[in-house]
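Numbering (our numbering), first residue to last: 26 to 478. To keep things clear, I will list the structure first and then write my remarks on it.
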C-alpha cells in the first residue's frame, strides 16, 4: 500500500488517522469513518483518480459529517453507518467480506451520505443508472453490477425486516419496484458433457482413478464443489438408494449448505457399484476433490481424446467448461431422461424453477446422436507395475528386475481410512516380491559378501 495522504492530525490517538482522513490505496481513495460502533475505512468512487486529492477530501468530510450528525436523531444512521452495523451482524466468512467490499466500493459512494430512513426509490434508480452508464462504456461487467445490486437489496431488506431491533429502522423497502442493472446483450453459452464423452473419460486409464472418481460423483449427484467435499459416509444410504446432502466443507469446517437447507438426491444405478467399493467409516469423506480441479478436468478431457472445441475455447459467446458445469450436466441429463422439473429443482437445491432453468443446457441435437443419459461405466483402479496381488502370489520371475509373471490381477484401491491405508501399504511392502524387500535382501547379501555385518 502506498503512503497515505492525510490532513494534519488534530484529534485522536497519536499515529492513528482521525475520522474524515483520506488515503490512497494504489487503486482507490478511501475515508476513515468514525461511528459509535468504531472506526472503519470506506472506499470512495473509483472515478476519483490519484490526482483528485481535493475532491476525495471534500467527499470524505461529507461522509464523516453524515455518519456523526444523523446518528443521534431518532437513532437513524446514515447508509454508510448503517452498513457498518449490518456487516458486523453477519457471521464471519467470505460472504461477509464480499458484502463489505461491494457496499464500500460501489453502493456507499452514491448514497452513503444519505440517512437510511430518507432513501427513496428515486435515489436507488439514480444509483442503478450510474452502473448502467459504466456498463455501456465497458468499465463494469453486467454480472458484477447485479452482484452489487443484490448486496444493496439485502441491506435495505434488513433495514425493514431484521429480527434485531437495532437494525430495523425502516417500514418500507425502497428497492421495491426498482429494476436492477441491465444485463449483457451477449448471452454466454454454458458447456456440458455428452454421455459418450463421459464414457470416454471413465474408460481412459491414463487419467488417475481419483480424478475419474470425483468427476463421476459431480455428474451423477449434482453436488456443488463444497458439498461434495463435505459428503461423508453416513450421508450415503446404499440400502434405500439415497444420498443426503446436509452440509458443505468451507475453510476446513463443515457448515450448512447454501440456503441452509438439506436435500436428498436419489442414487443413480450406475453410481452404486462405485460407492459400494469405496464404502468406509461413517465419518470418512466420500471424495477428496483436489485444488485446481478445473485444470485437472480439462487435462482429463484431453487425455480421453475429447476434442470438442466448445469445451476448451473462450470467445465472446462461450467459455470453457468448468467444474460447476458438471452440475449443469447432471441437470441436463435429468431433463433429457424425462424427470419432472420440480424433482430436478429439489435435487439441485434451488428456491425457484427460474434458477433451475439456468442449469439446463441447450441439447436440441442430443436426440439425433442417439445417446442415453447416465450411461454405465466401470473404473478400474490403477496399480503400478511390479506390485503383485496378495490373494494370488506370483508364479515366477524374469530377469534381474523381478518382473511378475503369471498373475495379473490388480490390487483394489486402498480405502480412505488411515489405519486401513497403513495396513495396505505394509502388506505391499512386506510381500516377498515387493521392491522394498528386494532391496533389503540385496543389501543383506552384498553386506555378507563384503564381510560387513
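All C-beta atoms in this analysis are idealised placements derived from N, C-alpha and C, irrespective of residue type, glycine included.
Classified as buried, residue 252 has 16 or more neighbouring CB atoms from the shown chains inside 10 Å of its CB. By alpha-carbon distance to residue 293, the top candidate from 379, 84 and 261 is 261.
CA-to-CA, the gap between residue 318 and residue 84 works out to about 45 Å. Ranking 349, 403, 204 and 226 by CA distance to the CA of residue 385 puts 349 first. Per the C-alpha coordinates, the member of 150, 358 and 164 positioned closest to residue 202 is 150.
Beta bridge pairing from DSSP links residue 172 with no other residue. In this structure, the straight-line span from the alpha carbon of residue 256 to that of residue 140 is close to 46 Å. Counting only residues of its own chain and dropping the five nearest sequence neighbours on each side, residue 156 has a CB closer than 8 Å to the CB of 131, 165, 170, 173, 174 and 206.
As a beta-bridge residue in DSSP terms, residue 269 pairs with 289. Taking residue 310 as reference, the option from 53, 277, 288 and 195 with the minimal CA-CA separation is 277. With the rule of 3 Cβ pairs closer than 8 Å, the segment 269-285 does not count as touching the segment 321-340.
Note that the C-beta distance between residue 354 and residue 240 is not below 8 Å.
When rounded, the separation of the alpha-carbon atoms in residue 137 and residue 320 is 41 Å.
Following the DSSP letters along the chain, one finds residue 49 inside the beta strand (DSSP E) bounded by residues 47-49.
Cβ contact annotation for residue 352 (same chain, cutoff 6 Å, sequence separation greater than five): 247, in chain order.
Inclusion of residue 291 and residue 266 in the CB contact set at 8 Å is warranted, their separation being smaller than that value. Here DSSP, grouped into helix, strand and coil, assigns residue 220 to helix. When C-beta atoms of the segment 177-193 are compared with those of the segment 368-384, fewer than three pairs fall below 8 Å, so the two segments do not count as touching.
According to DSSP, residue 280 shares a beta bridge with 273. Secondary structure at residue 343: strand, using DSSP grouped into helix, strand and coil. Proximity to residue 55 across 231, 114, 126 and 116 peaks at 126, based on C-alpha coordinates. For residue 370, the enclosing alpha helix (DSSP H) stretches over residues 366-373. The residues 245, 399, 400, 401 and 402, in chain order, have a CB closer than 8 Å to that of residue 295 in the same chain once the five nearest residues on each side in sequence are set aside. In this model, residue 336 and residue 237 are separated by some 17 Å (Cα to Cα). Non-local C-beta neighbours of residue 195 in its own chain, meaning closer than 8 Å and more than five positions away in sequence, comprise 141, 142, 181, 184 and 185, ordered along the chain. Excluding five sequence positions before and after residue 217, the CB atoms of its chain that fall closer than 7 Å to its own CB belong to 350, 353, 354, 357 and 386, given in chain order.
When only Cα atoms are considered, residue 322 and residue 347 end up about 8 Å apart.
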